[in-house]
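Residue 618 in our numbering sits at position 624 of the sequence shown, and the numbers go up by one each step.
Built from N, CA and C at the ideal position, the CB exists for glycine as well.
Read the structure below first, then the notes.
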Amino acid sequence: MEKPRLKAHFHVDVVEGERVFLYAEGQDYLVPGKAAAAVVPYLDGRRTVMEIVQELAGTLPIPAVFQALTRFKAAGHLAESRPDLPENTLAYWDALGIDPAATLGTAPVTVSAAPGTDPGPVLDALRALGLTARTGPFDEVPAEGVAVVLVDDYLDPALERRNERQLAAERPWLLARTGGVAPWIGPFLDPDHTGCWACLAQRLSGNRQLERYLAGKRGESVPRHPARAGIAAGPMAAAGLIAAEAARIAATGEPGALCGQMVTLDLATLSTETHRLIRQPQCPSCGNPALVTERSPKIVLHAEEARHTSDGGYRVTSPEATLARLERHISPHLGAITKLVSHTPENNTLTYSFAAGHNFAMVNDSMDLLRRNLRGQSGGKGRSEVQAKVSAVCEAIERYVGVWRGDEPVLRSAYRDLDPRTAVHPRSLLHFSETQLAGREAWNRDPANRLHKVPDPFPEDASVDWTRGWSLTHDEERLIPAAYAWYGHPDLKDHFFCIADSNGSAAGNTLEEAILQGLCELTERDAVALWWYNRLRRPAFDMDSLDDPYVDRLRAFYDAQDRDLWMLDISCDLGMPVYVAASRRRHSVEDVMVGFGAHPDPRVAAFRALTELNQFLPMIENRDADGNTAYLVDDLETLTWLKEATVEKEPWLLPDPELPATRVGPQAGFDLAARIREQVARIQEAGSEVIVIDQTRPDLELNVVKVIAPGLRHFWRRLGPGRLYDAPVRLGLLAEPTAEADLNSWNVFF
C-alpha cells in the first residue's frame, strides 16, 4: 500500500489519546493503543508509509509506528489513496469493501440505448463513481466490461436480436428502463446462470392482456407499452441505482442483487418491489424446447405416502413448504401469478379466502372476454390462512399452465382419418343434447348463459390438433382434441366445436397428487350434475360425526351472520364420498349458496365442501343501509339465483327427512397411487376410462394434469344422453329417467 488512508466511510474519534473509535452504518470498531491514536492524523492518503514513519520519528519508536499501521491494515480499515474521487464516492466504495484504486479504472461499462432513450444520466452517474463509461451501438455486444442496455419498453422488438447476440457471445448484460412513474432496473441477464430476455418477454407479454388485445386490433403481435410519464428526478434516481449496481458488478465481477431479478422503483410512494425472472428450461433461445415438444405422454404411477392430510387433501409437502417454493412465481410483470390478495374479512380467523391473479387465453377479440380476463382470478380456500393461499396459488398455476402456447406436442389430423379406438370424439366429452345443439344460436346470445355456451357440431372431416394423453385404464395412448385440452387453442377460431374448461384440471407437488385431485374433481362434478339437474332428494350428512371444534365454530359464525348451515351426502356409484355444504339467509331473499367437496377420505371431502362454501361468503355478506345484500358479484345468472332461489321453491337443496343422515366413514389409506387405482377401477365399472394429459411446464415447480373420463358429467348444463339420466335409475334414486324438458331449469352458476 503506497499511500494509506483510513476508509472514508468511517467516522473517527480518538479518546484520551489511546483509544481509536471507528464507526459507520452498521459497523463499530475499537483500535486501542497510544501508537494507533498517534498515527490516525497521518492516515489521509497524502503520505507514503515511510513519510508517516519519518513524521512520527520524534514521538514514537519506528517499530511502534509499523505495528500500528499493521493493526489498522489487518483489521481492514485502510485503503489506497484515490485523490481523483470525491470523499463521498470513496466512502461508498469503502463501505462495500471494494478498492476503487485497484479495480475501477480497469472495468469499463458500455451503455447502449434504444432510439429515443437518453443514456446521459446513466453515463454521468457511472463517471461520478470513477468508472470508464462509454456508449455503444444497440445491437453490438461489448467484448469486455459490463453492458447496460436502456429501453423505454422491455418488449422492444430490437431486444430479441440483442438477446441472441448476448447468448452467442456468452456475455452478461443489465437491462433497465429509466422512464415512467416506476423505473425498472434489471434483471442482470447472465447466460448459463439466469433466464434470458426471451424468458422475460414470454412472461411479460402474457401479463399485458389489454396491450395484447389492442395490438391484435392493430394487426400487431407485440404488446408494447412504452413509458410516457416522467420527471427529471425519475431518470436521475434510476440512473444512480443502475450506475451503482453496474459499477459494483464491474469492480467485483459478481452479478449481485440484480442477478435474475428486476427491481421497480415507484416514484409516487418511494417503494421498491423485486420481481424474480424465472429461467425457462424449455426456452427456445436459452433452453431445450424438446423438454415440451418431445415429451412422452406415458404416465407411470409411483407409490407415495401423503404426509399432510388435515387440510387441502392428501399432500406430500406441507402447505407452508409449498407456498415458500411457489411464491417466487408471483409478480405483476414477470410472474405466472400476477397477485395474491386476501378476500377474508378483517378479524375473521375462520373462513379464509384468497384470490390469485393470472393471465388467460383469448381465442377471439370479445370485449366481454377481455373484461373477464383482466380481472381473472383463481380462488383459494382453507381452514388456515396458509392453506387458502396455497390453494389460490396452485389453482392459478394450474390455469396458467393450461393455456395453449404453441409448443405442445400435437398430431394434426381429421377425426375420420384416426383410429376411433385411440381418438376420443368430443361428443363423449361434452354431452350436449340434440335439442341444445339445435337451439344453440339463441341460447348463446343470452348473457345469462355465459358458462353454458353450446358449441357447433364437431366437423369430423376438418383437420384439427390432437393432444396425446394416457389411459390409466388401458395403459395406452389416447388422442384428445387439443382445443378441449388447452385454453385458447386457435382451432376454435375456425371451428367452435368445443369449450375448454377446468373440469379435471389439477395441480400437485407430485404427479400422483395432481392426478388424485383431478379425479376428485371429476367425481365431484359428476355427482353434483346427477343431484342438481334431477333435483334428487339426498340424505343429510351428520356434521357432528366429524367431531371437530372447527364445525362448532363455523356453525356459530354462520348463525351470527343470520344464516342456516347444513350438509348433504350426494355420493353416487363412483365410490368416492361427495358432499354439499349449503347455507341460506334467514330473510325473504335467502342468498342460497352451496359448496362441494369430494375425496377418498370422507373428512377431507366434508371440509372441502365447507371451505368452498366459505369461499363464496364475501360476495354475499355485506348489507346496505336497509339491510339488503350488497352483492360483490355482477354475473347475471348468479345474481338471479341469489335473489330468487329459496329452499321452499327448491326443496331438493334440503336433506330428505325420510332418509337417515350419513356419518363420516373411516379414513382412506395414504398411498396416493393406490387411491388413484381404486378410483380408476370404480370409474371403469361405471363404464368409462380415465385419461391423463401431463401439462406440467418445466419452469414451474408444480405438476399440472388434465384428467378426463369420457362419460362422466360436468355440472354445467350439458343434457345429452348417458349417466345424467341412467345413473339415478340404476342407483334406485328415481323410478324412471327424467325427461330432458323436466330437468332443473337452474344452471350450476359457478
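Query: With DSSP as the reference, please indicate the residues paired to P(-2) in a beta bridge.; Result: E74
Query: Below 8 Å on the Cβ atoms is my guess for A221 versus D146; work out the distance and round it to an integer in Å.; Result: 6 Å
Query: For V658, tell me which candidate among E631, C193, A603 and D538 has the shortest Cα-Cα distance.; Result: D538
Query: What span of residues does the beta strand (DSSP E) with Y573 cover, start to end?; Result: V572 to R579
Query: Do you know whose CA, among S199, I236, V216 and F664, lies nearest I179's CA?; Result: I236
Query: What would DSSP say about L98, mapped onto helix, strand or coil?; Result: helix
Query: Run through DSSP, which three-state label would C253 get?; Result: strand
Query: How many Å lie between T656 and L694 at the Cα?; Result: 41 Å
Query: Drop a sphere of 10 angstroms on the beta-carbon of M44, count the other beta-carbons inside from all chains shown, and report buried for 16 or more, exposed for fewer.; Result: exposed
Query: Within 10 angstroms of its Cβ, does R724 collect 16 or more other Cβ (buried), or is it exposed?; Result: exposed
Query: Using C-beta distances below 6 Å, list every residue in its chain close to L169, excluding the 5 sequence neighbours before and after it, in chain order.; Result: V143
Query: What does the alpha-carbon distance come out to for the pair A735 and D553?; Result: 38 Å
Query: On the criterion of 16 or more Cβ atoms from any shown chain inside 10 Å, does A107 qualify as buried, or is it exposed?; Result: buried
Query: What separation, rounded to the nearest whole angstrom, lies between the Cα atoms of Q196 and L647?; Result: 46 Å
Query: Check whether the stretch 80 to 96 and the stretch 27 to 38 are in contact - that is, three or more C-beta pairs closer than 8 Å.; Result: no
Query: Which term fits Q21, buried or exposed, when burial requires 16 or more other beta carbons within 10 angstroms of its beta carbon?; Result: exposed
Query: In chain order, what residues of the same chain have a beta carbon less than 8 Å from the beta carbon of P414, not counting five sequence neighbours either side?; Result: none
Query: Would L0 be called buried (16 or more neighbouring beta carbons within 10 Å of its own) or exposed?; Result: buried
Query: With distance defined between alpha-carbon atoms, name the residue in Y148, P102 and V641 nearest to G130.; Result: P102
Query: Go through the stretch 288 to 366 residue by residue and report every complete run of the beta strand (DSSP E) that reaches 3 residues or more, in order.; Result: 333 to 336 and 346 to 351
Query: Run through DSSP, which three-state label would E389 get?; Result: helix
Query: Whole angstroms are fine: how far does the CA of N201 sit from the CA of A209?; Result: 14 Å
Query: What residues match up with A108 in a beta bridge as DSSP calls it?; Result: Per DSSP, none; premise fails for A108.
Query: Just verifying my parser: in three-state terms, what is the DSSP assignment at T605?; Result: helix
Query: Distance, Cα to Cα, E642 vs M587?; Result: 14 Å
Query: Helix, strand or coil: which one does DSSP assign to R767?; Result: Since the displayed the chain opens at -5 and closes at 744, residue 767 lies outside it and no answer follows.
Query: Exposed or buried, what is K211 when buried is set at 16 or more other beta-carbons lying within 10 Å of its beta-carbon?; Result: exposed
Query: Helix, strand or coil: how does DSSP classify K375 here?; Result: strand
Query: Closer than 7 Å to a non-hydrogen atom of the ligand FMN - does that hold for the CB of V458?; Result: As far as ligands go, the structure on display features none, and thus does not contain the ligand FMN.
Query: Using DSSP with H/G/I as helix, E/B as strand and the rest coil, what is L626?; Result: coil
Query: Based on Cα-Cα distance, which residue from W460, Y573 and S577 lies nearest to F590?; Result: Y573
Query: What are the start and end residues of the beta strand (DSSP E) that includes P475?; Result: E470 to P475
Query: Buried or exposed for T42, going by 16 or more other Cβ atoms inside 10 Å?; Result: exposed
Query: Helix, strand or coil for S582 per DSSP?; Result: coil
Query: On the three-state DSSP scale, how would you describe S407?; Result: strand
Query: Based on DSSP bridge pairs, tell me the residues matched to M587.; Result: S577
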